[in-house]
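Below, the structure is given as structure tokens:
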């Protein structure tokens with residue numbers, strides 16, 4: 264091994280030890296549960312007939328709600344303890360707490376990604392709210408609606 268790889272390995276072990284020492288135990292449990300649920304969805308989704316069956320949809324929706332609950336729990340833990348997990352691109356401060364419990368400034372790529380995510384969710388919401396048709400299960404056909412805004416995004420169900 265050369266000196267660079269030894270130094271990198273030593274830094275990685277030191278950063279992991281530092282992160283483990285500062286991470287609140289409930290946050291670690293939530294992280295492990297999140298990891299397990301994500302692995303479950305990656306394997307289960309394609310295995311369960313592409314999640315097209317009713318039971319598979321309910322299972323995946325339940326896992327999605329659990330992931331949301333775990334995210335909320337981790338957010339509450341971070342706010343209560345002032346824990347600030349390390350972020351990509353940060354050289355120092357991995358797993359360290361801030362005085363006021365708030366994270367550092369947001370970089371422009373993160374802000375752009377957040378803005379694009381909000382726009383995508385808004386687009387989906389508007390297209391669902393502005394449905395151009397509804398599906399009639401008994402006739403197995405779409406019934407077009409007269410009262411939708413054609414200039415807005417719209418869906419057919």
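Residue numbers (the numbering used here): 264 to 420.
Quick reminder that beta carbons are idealized off the backbone N, C-alpha and C, glycines included.
Since we're looking at a predicted model, the values are computed, not measured.
Check your understanding: For the putative contact between residue 419 and residue 393, defined by C-beta atoms under 8 angstroms, what is the C-beta separation to the nearest angstrom?
Key -> About 11 angstroms; that fails the 8 angstroms criterion.
Review point. Can you round the beta-carbon distance between residue 288 and residue 346 to whole angstroms, since I take them to be within the 8 angstroms contact cut?
Key: The pair is not a contact, with the Cβ atoms about 11 angstroms apart (cut-off 8 angstroms).
Check your understanding: By the 10 Å Cβ neighbour count, where 16 or more other Cβ atoms means buried, how is residue 410 classified, buried or exposed?
Key -> Taking every protein chain shown into account, the CB of residue 410 has fewer than 16 other CB atoms within 10 angstroms, so this residue is exposed.
Point to revise | Endpoints, the alpha helix (DSSP H) within which residue 407 is located | key: Where residue 407 is concerned, there is no enclosing alpha helix (DSSP H), although the beta strand (DSSP E) it sits in stretches over 404-407.
Practice item. Give me the Cα-Cα distance between residue 385 and residue 378, rounded to the nearest whole angstrom. Key: Separation of residue 385 and residue 378 (C-alpha to C-alpha, rounded to the nearest whole angstrom) is 11 angstroms.
Practice item. From the DSSP output, read off the bridge partner residues of residue 397. Key: For residue 397, which the question treats as bridged, DSSP gives the partners 406.
Check your understanding: Do the segment 325-341 and the segment 297-304 meet, that is, are 3 or more Cβ pairs less than 8 angstroms apart?
Key -> Taking one beta carbon from each stretch, the segment 325-341 and the segment 297-304 have 3 or more pairs nearer than 8 angstroms; the two touch.
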